[in-house]
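Residue numbers for the sequence shown follow our numbering, so the first one is 44 and each next one is one higher. Beta carbons are placed, not taken as given, at the ideal position from N, Cα and C, and that holds for glycine. Source: prediction; values computed, not measured. Below you'll find the structure, written out as structure tokens, and then a few comments.
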Amino acid sequence: MTNHKPLIPRLLGVLCAVTLLAAACGDDSDSAAAPTTTDAPTTTAAPDTTTTAADAVEVTQDGDLLDTVLARGELHCGVSGSAVAFSETQPDGSQTGFDADYCRAVAAALFGDADAVVFTPLTAAERFTAVQTGEVDVLMRNTTWTQSRDTEVGMDFGPTTYYDGQQLMARESAGFSGASQVADIEGAVVCTNAGTTTEQNIADAADAAGINIKITTFDDFDQVTENFINEACDVITTDGSALVGRKANQQTAGENWVIFPATPISKEPLGPTYGQNQSRFADVVNWTVYATIIADEKGITSANVDDMAASPPDAEAARLLGAADDEQQSNMGLAPDAFHQVIAQVGNYDEIYARHLNPVGLTREGSANAGWLDGGLIYAPPAR
């Protein structure tokens, strides 16, 4: 099965057809040629923590999404394609990463086949339009849950799969260290993604610190990092997890890139995102995530899930794996063993996390992404 849809000008016609986005069509082409630069705090970049023309798109998708997806026979999942360890497009067009595996997990729940998914790489500016117009069914694309997106923009959000926070990265040779603070970037050129919450966050942080910076934005973080490597940017900023990944994979030989401040400047809860008022489809996405978390809590892994289903450790595990008469998957329109297939084919939460995030230095221990029994925030409601 083809599992990658190349990014082509497919959205351009849709975007330009929507009156609210008429201006955005021109902006996209301009920003591809040159970065957008603003000064902060006196001039703030257009944030997507509030509703903008690029966010407020016309909803054209209707009907029951779960029925549509099941009839289609494959899940259409929007990803970044350039987020290190979360979703990265490989030379053969396939996707790897934490977010990509959660796309596969939902496909496994829906169809019993983790490969029944078409990945669509999307920029930050494209992602919400792709959901609203039905080009993708769900975003697994490091998207922050915010009030405006949950209301005016017309998104709904699933369980947080990764608790993140915005930080900054600069060169040690420029006088920065892990102990640096926002106040230390006075006069710096700070680069980040266009159309993300990071623009407003860094502008607000600079304003609170009483400093002046110049914010330059690019369409994707590959461009941001490349400009940092070429020294066109003094500082880059985004979610801390993304900075850790870039440092691990792209740090220039002989340099030391440092990430600061130690306490992030924002809260960035990341997780699945889909259109509003599709509760049956939302239930499937949400409980797929919860199933991976509950399996992790109970020590149910891809290696032992068959044995656990045959001899469940408790009643909750029996229900979750479809081995009990009171299983709930059938009531969701899924096969009784839907979550058994998720764990068997993709793994539990810790397996997915360790597979992709541990190698770049993102560990769960002592972080918000530890399980609730270990002092973290990863928690699932009961399967009953």
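- It is roughly 10 Å from the alpha-carbon of Q294 to the alpha-carbon of T268.
- The residues N185, T186, T187, T203, T204, Y205 and D207, in chain order, have a CB closer than 7 Å to that of L313 in the same chain once the five nearest residues on each side in sequence are set aside.
- Per DSSP, reduced to three states, the secondary structure at K290 is helical.
- Contact between the region 295-302 and the region 226-241 is absent: fewer than 3 CB-CB pairs across the two stretches fall below 8 Å.
- Each of N347, G318, N412 and I386 was checked against the Cα of G106, and the nearest Cα belongs to G318.
- Between Q209 and P307, the C-beta gap is smaller than 8 Å, which places the two residues in contact.
- Residue pairing by DSSP places T187 opposite L313 in a beta bridge.
- In the DSSP annotation of this structure, A231 is not part of any beta strand (DSSP E), being labelled neither H nor E.
- Residue environment: G197 is assigned as buried (16 or more neighbouring CB atoms within 10 Å of its CB, all protein chains considered).
- According to the DSSP secondary-structure assignment, I279 is paired through a beta bridge with M212 and C234.
- The Cβ atoms of L364 and P356 lie no closer than 8 Å to each other.
- Here the alpha carbons of G136 and A168 stand approximately 21 Å from one another.
- Bounds of the alpha helix (DSSP H) holding F264 are F264 to I272.
- In this structure, the beta-carbon distance from G121 to E131 does not fall below 8 Å.
- Residue ranges of uninterrupted beta strand (DSSP E) with 3 or more members, entirely inside the region 118-195 and ordered along the chain, are 118-122, 130-132 and 160-164.
- Of all C-beta pairs linking the region 154-170 to the region 267-285, fewer than three are shorter than 8 Å, placing the two stretches out of contact.
- DSSP places D380 outside both helix and strand once states are collapsed to three, so it counts as coil.
- For V301, the enclosing beta strand (DSSP E) has its first and last residue at W300 to F303.
- With a beta-carbon spacing of about 7 Å, T335 and I395 fall inside the 8 Å limit used to define contacts.
- In the DSSP assignment, Y205 forms a beta bridge with L313.
- For T241, the uninterrupted alpha helix (DSSP H) segment begins and ends at T240 to A252.
- Going by DSSP, D199 is part of the beta strand (DSSP E) stretching over M198 to F200.
- Linking G376 to F271 through their CA atoms gives a straight-line distance of about 48 Å.
- Burial check for G116: the Cβ neighbour count within 10 Å stays below 16, so the residue is exposed.
- Comparing C-alpha distances from Q243 to each of R398, T139 and I258 shows the shortest one belongs to I258.
- With a threshold of 16 other beta carbon atoms within 10 Å, W415 falls short and is exposed.
- Put simply, the backbone Cα of K341 is about 12 Å away from that of A423.
- Inclusion of Q224 and P304 in the CB contact set at 8 Å is warranted, their separation being smaller than that value.
- Taking the Cα positions, F261 is about 12 Å away from T241.
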